[in-house]
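A.B. asks: Sharing a structure with you now.
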Amino acid sequence: MVWTGRAVLPSLLTMSDTTGRRWHDMGGQDAGPVPMDGHDFTLWEKRVDALMVLCGQKGLFTVDGLRRALEDMGEDAFERMSYYERWIAAVNQNLVEAGAYTLEELGERMHEIAARGPTYGEAQADG
Amino acid sequence: MPHDHHDHFHHAGMSPSGHPYRADNDTPLSYWQRMEIAVRELMVEKGHLTPAEIAAQIEAMDARSPANGAAVVARAWTDPAFRARLLKNASEASREMGFDIGPLNLIAVENTADTHNLIVCTLCSCYPRNLLGLPPDWYKTRAYRSRAVREPRAVLREFGLDLPDHVTVRVHDSTADMRYIVLPARPDGTDGMDEAQLAALVTRDSMIGTGLPHRP
Amino acid sequence: MVERVRVKALAPPGHVRAPWYLRGKAGVIERPLGHFANPEQLAYGLRADTKPLYRVRFRMAEIWGEAAENPDDTLDAEIYGHWLEKVDTHAP
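Chains as they are written, first to last, in my numbering: chain L, 1 to 127; chain A, 128 to 343; chain D, 344 to 435.
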């Protein structure tokens, strides 16, 4: 396989430590008790999930492409962002790489959305 | 078991699954929520997706729940030929019962008097979501992913399950293309119960291996 | 016939699905699973070769040594063929 020089290449060098073990590869590590609290998924989370499944089905990315983006976000993202925050970041990363839209379009749209209203509900295009 | 959710009664202010409702539409708009809205709108405008497709996908995912797996388990408890087909190819057996599991490659692992199976994904959070719906939050935690492969018995004790030494624990790490479901052992005292009655005993956690079915 | 294999003790950077805690550990092939697209290529948007995939069963004692909760408990994981090497059981 010949490396194609895609934009994702530099992230190959991102590692958790010098042994080569990456942060997400956590089987067998020490950790505390399993937290038992849960929550019901919100509409926002369900939409991220749907985007992930549908764009995958349409061949815009693979689940491994999503995992690669998640892993490359690093451990800090795992600790500080919620599950679906990490997933929308990974979906977006893969869609940008697939050329589905440009960063310019994304940035402009996110800016426009902020002006629609202060809550998720109010920021929908249909109000 | 403290984390098993009972479908039969609701607490005040709690959802049907026994969790507090979490604010959604009324919380301050976050950066990542703006990204989701933007991505969704751009994908629709560019013709990749339609709002109807997104709504249908959410509906299809909402329709998947542990009840699907419970029905499969109850069928295996009552129909030896089905049990054999399930253990041979759990995807085909699930489809045979009419469940739309998409491209899911499912393997069923059977608990017996001397074997207990436990499912985990240490590398991410792979889960048989196309049959059982979305995974519980604890399944995705660092604690569960890290510890289930090294100290499964200690983890199971936290879930209220203290296995005797003569029971072998088999942990299954979903590292690649397969997903797993535990076929729990049929509880004693269930002779004469029909499939629907049996299915009501099967909990989500009993199909992940962190619990046992209810007893009648 | 029991086929003994060892997970290669490699540490390339990037997206791989052979977990760290199993690298260098020996187990037996529980069942072959068929051929699947190589995630190490899919992850980077590349056209992927197919690779054989196996469920490999390890004794907890092999993985964790003395620290195993119960040495005879087992761990099954799916490992791609290119991460496995045969263990020669006839070696002196």
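Glycine included, C-beta positions come from ideal geometry on N, C-alpha and C.
1) Which of the three DSSP states, helix, strand or coil, is assigned to Ala125 of chain L?
2) Residues of chain L with CB closer than 8 angstroms to the CB of Ala386 of chain D, please, in chain order.
3) Among the candidates D:Asp415, D:Leu427, D:Glu428 and D:Val430, whose CA atom is the shortest distance from the CA of Asp241 of chain A?
4) Since I believe Ile406 of chain D is in contact with Lys368 of chain D (beta carbons under 8 angstroms), could you give me their beta-carbon distance rounded to a whole number of angstroms?
5) Given a cut-off of 7 angstroms on the beta-carbon distance, is the pair Pro279 of chain A and Val296 of chain A in contact?
6) By alpha-carbon positions, which one of A:Met334, A:Ile335, A:Gly336 and A:Ala323 ends up nearest to Pro343 of chain A?
7) Which residue spans inside the stretch 391-418 of chain D form an unbroken beta strand (DSSP E) run of at least 3?
8) Along chain L, which residues have their Cβ under 7 angstroms away from the Cβ of Val276 of chain A?
9) With DSSP run on the structure shown, which of helix, strand or coil describes Arg277 of chain A?
10) Quick one: which residues of the stretch 300-322 of chain A get their C-beta closer than 7 angstroms to a C-beta of chain D? List them in chain order.
11) Using only CA atoms, which one of A:Asp315, A:Asp292 and A:Thr249 lies nearest to Trp204 of chain A?
12) Would you decide whether Leu103 of chain L is buried or exposed? Buried here means 16 or more other CB atoms lie within 10 Å of its CB.
13) Going along chain D in order, which residues have a C-beta closer than 8 angstroms to the C-beta of Glu75 of chain L?
14) Could you give the residue range of the beta strand (DSSP E) that holds His243 of chain A?
15) Run the CB neighbour count on Ser333 of chain A, radius 10 Å, all protein chains shown included, and call it buried at 16 or more, exposed below.
16) If distances are taken between C-alpha atoms only, which option among A:Ile335, A:Ile164, A:Val329 and A:Pro193 comes closest to Ile181 of chain A?
17) Could you please give the first and the last residue of the uninterrupted alpha helix (DSSP H) stretch that includes Ala239 of chain A?
18) Go through its chain and collect everything with a Cβ distance to Thr417 of chain D's Cβ below 8 angstroms, but skip five positions before and after it.
19) Counting Cβ pairs, one atom from each stretch, are 3 or more of them under 8 angstroms apart for the stretch 255-274 of chain A and the stretch 226-233 of chain A?
20) Please name the residue, chosen from A:Asp300, A:Ala270 and A:Val166, that lies closest to Val236 of chain A on a Cα-to-Cα basis.
21) Output the boundary residues of the beta strand (DSSP E) element that contains Lys429 of chain D.
22) Could you check what DSSP says for Glu373 of chain D in three-state terms: helix, strand or coil?
23) Which runs of the alpha helix (DSSP H) spanning at least 4 residues fall entirely within the stretch 192-272 of chain A, listed in chain order?
24) Assuming Leu214 of chain A and Arg306 of chain A form a contact by the criterion Cβ under 8 angstroms, report the distance between their Cβ atoms to the nearest whole angstrom.
25) For chain D, is any of its Cβ atoms less than 7 angstroms away from the one on Arg21 of chain L?
26) The alpha helix (DSSP H) that contains Asp300 of chain A, what's its start and end?
27) So with CB distances below 9 angstroms, who are the chain A contacts of Ala31 of chain L?
28) Compare the Cα-Cα distances from Leu365 of chain D to each of A:Asp206, A:Leu250, A:Ile308 and A:Ala183 and report the closest residue.
29) Under 7 angstroms, Cβ to Cβ, is there at least one residue of chain A near Ala420 of chain D?
30) Which residues in the same chain have their Cβ closer than 6 angstroms to the Cβ of Arg212 of chain A, if we skip the five residues on either side of it in sequence?
31) Taking the alpha helix (DSSP H) that Arg331 of chain A belongs to, which residues open and close that run?
32) Just tell me which of A:Glu186, A:Thr268 and A:Cys248 has its CA closest to the CA of Arg80 of chain L.
33) Are there 16 or more other CB atoms within 10 angstroms of the CB of Tyr387 of chain D, so buried, or fewer, so exposed?
34) Please list the residues of the stretch 386-413 of chain D that have a C-beta atom closer than 9 angstroms to any C-beta atom in chain A, keeping them in chain order.
35) For the alpha helix (DSSP H) containing Arg68 of chain L, list its first residue and its last residue.
C.D. replies: To lay it out plainly:
1) coil
2) Thr62, Asp64, Gly65, Arg67 and Arg68
3) D:Asp415
4) 5 angstroms
5) yes
6) A:Ala323
7) 393-402
8) Gly27 and Gly28
9) coil
10) Asp300, Thr302, Ala303, Asp304 and Met305
11) A:Asp315
12) exposed
13) What Glu75 of chain L touches in chain D: nothing, since even the nearest Cβ is about 14 angstroms away.
14) Thr242 to Val247
15) buried
16) A:Ile164
17) Note on residue identity: the sequence assigns Thr, not Ala, to residue 239 of chain A. Neither: Thr239 of chain A is in no alpha helix (DSSP H) and is coded neither H nor E.
18) Arg400, Phe401, Arg402 and Met403
19) yes
20) A:Asp300
21) Leu427 to Lys429
22) strand
23) 193-205, 207-215, 217-223 and 256-259
24) About 15 angstroms; that fails the 8 angstroms criterion.
25) yes
26) Per DSSP, Asp300 of chain A belongs to no alpha helix (DSSP H); it is in the beta strand (DSSP E), Thr295 to Asp300.
27) Thr268, Arg269, Ala270, Tyr271, Arg272, Ser273 and Arg274
28) A:Leu250
29) yes
30) Ala220
31) Arg331 to Ile335
32) A:Thr268
33) buried
34) Leu396, Arg398, Arg400, Met403, Ile406, Trp407, Ala410, Ala411, Glu412 and Asn413
35) Val63 to Met73
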